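Scroll down for the structure; my scribbles are underneath it.
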Ligand code: 13P
Ligand code: SF4
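Residue numbers (the numbering used here): 45 to 389.
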């Protein structure tokens, strides 16, 4: 990869700031950004990393909720930055913090108690409400463990915002279909079917990732027809009909491990964001043949560019930090701490 002016500026800033700076990058970053990271990882790995960091400046290359999660887990005096504040996760926006309490109140009024479990792809405001209600957070790497935790700790679980991840986690735990209910959150929560909700053990918020919704079971069937014996690995934000047809389904880190452990000469189709698939294809070229199940990119992750990283690092002290209001931070931290406690730090 070319070393351009942005590359040089970033490396100069890194050399100047030394241990005072840490750059974290999600696996979906493009190579030009990822090559500058001190640590790359999936959401769980990056969340686990933050409490152990001593750097004064933490620059998070990922979507906004990830930087916000880092800001919740930092120590006093540490500052978190994101090179592009408008890199919103579309799925996280499907569960607005103003709507969750309305839905929970409607359920309460109908005598339906539900312990909320939010996917880490959610705002700090949502995490805070969940934490205040005794609930917790999960990532794609620990959704099965955390759903089991929630089901043990509450009469019923409200899983949000990703109904695909929630359904896949239900499948992994053998929660019968009759015990699941997808909430109707229209009309500001007034359209809930409380009879159906009362009968369910897991209530699913109707959010989804548009990037992972592009993967279809038919693409897997086509891959298997054109490359008999190929392997298929997908992310659990995919529809359950895709997850169940794949050879493996898990977080971005699981996908990386799956590819690393596949025998030499394997043909592997991957159902997740294209930057990660392209990086793996390049890394294993000549050894394993790697294809996207479909070339699907996350336009919000793509908003973090090497140029914006260079601009951020050039003027760190004049850049806005990622801020989380103290009350929100306390509730959100509680929810995240419960996850780190239940899954090992
Ligand atoms: P991971 O949990 O695998 O990091 O995925 C996060 C994400 O946003 C996937 O779309
Ligand atoms: Fe959000 Fe989907 Fe992008 Fe992941 S890939 S950050 S879930 S929109």
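Ideal placement from N, C-alpha and C gives every residue a C-beta, glycine not left out. These numbers were taken from a predicted model, which means no experiment stands behind them.
Selection from 225, 346 and 269 that minimises the alpha carbon distance to residue 250: The alpha carbon of residue 250 has as its nearest neighbour, out of 225, 346 and 269, the alpha carbon of 225.
Residue 348 Cβ short of 7 Å to ligand 2 heavy atom set: For ligand 2, not one heavy atom lies less than 7 Å from the Cβ of residue 348.
Span of the alpha helix (DSSP H) around residue 238: If you look at residue 238, you'll find it in the alpha helix (DSSP H) that goes 238 to 243.
Contact belief for residue 174 with residue 386 at Cβ below 8 Å, rounded distance in angstroms: The C-beta separation of residue 174 from residue 386 comes to about 14 Å, leaving the pair out of contact by the 8 Å criterion.
Exposure label - residue 172; buried when at least 16 CB within 10 Å: Under this definition residue 172 is a buried residue.
Cβ contact check for the region 352 to 361 and the region 99 to 113: 3 or more pairs under 8 Å: The count of Cβ pairs closer than 8 Å, one atom from the region 352 to 361 and one from the region 99 to 113, reaches three, so the stretches are in contact.
C-alpha distance - residue 85 paired with residue 269, whole-angstrom precision: Taking the straight line joining both Cα atoms gives about 33 Å.
Inter-residue CB distance, residue 208 and residue 245 (contact presumed, cutoff 8 Å): Their Cβ separation, rounded to whole angstroms, is 18 Å, which puts residue 208 and residue 245 out of contact at 8 Å.
Start-to-end residues for the beta strand (DSSP E) that takes in residue 60: Not the beta strand (DSSP E): residue 60 falls in the alpha helix (DSSP H), residues 49 to 61.
Coarse secondary structure for residue 300, derived from DSSP in three states: Residue 300: helix per DSSP, three-state reduction.
Rounded C-alpha distance that separates residue 220 from residue 50: The straight-line gap from Cα to Cα measures roughly 52 Å.
Supposed contact pair residue 136 and residue 205 - C-beta distance, whole angstroms, cut 8 Å: The beta-carbon distance between residue 205 and residue 136, rounded to whole angstroms, is 7 Å. This is short enough to meet the 8 Å contact definition.
Residue 133 Cβ short of 7 Å to ligand 1 heavy atom set: It does: the Cβ of residue 133 is within 7 Å (strictly closer) of some heavy atom of ligand 1.
Exposed unless 16 or more other CB atoms sit within 10 angstroms - verdict on residue 329: Residue 329 is exposed by the Cβ-count criterion.
Proximity test, Cβ basis, 8 Å: residue 121 and chain E: Of the chains in the structure shown, none is chain E; there is only one protein chain.
Local conformation of residue 201 per DSSP, three classes: Reduced to three states, the DSSP call for residue 201 is strand.
Cβ-heavy atom distance, residue 77 to ligand 2, below 7 Å: Residue 77: no, Cβ never under 7 Å from ligand 2.
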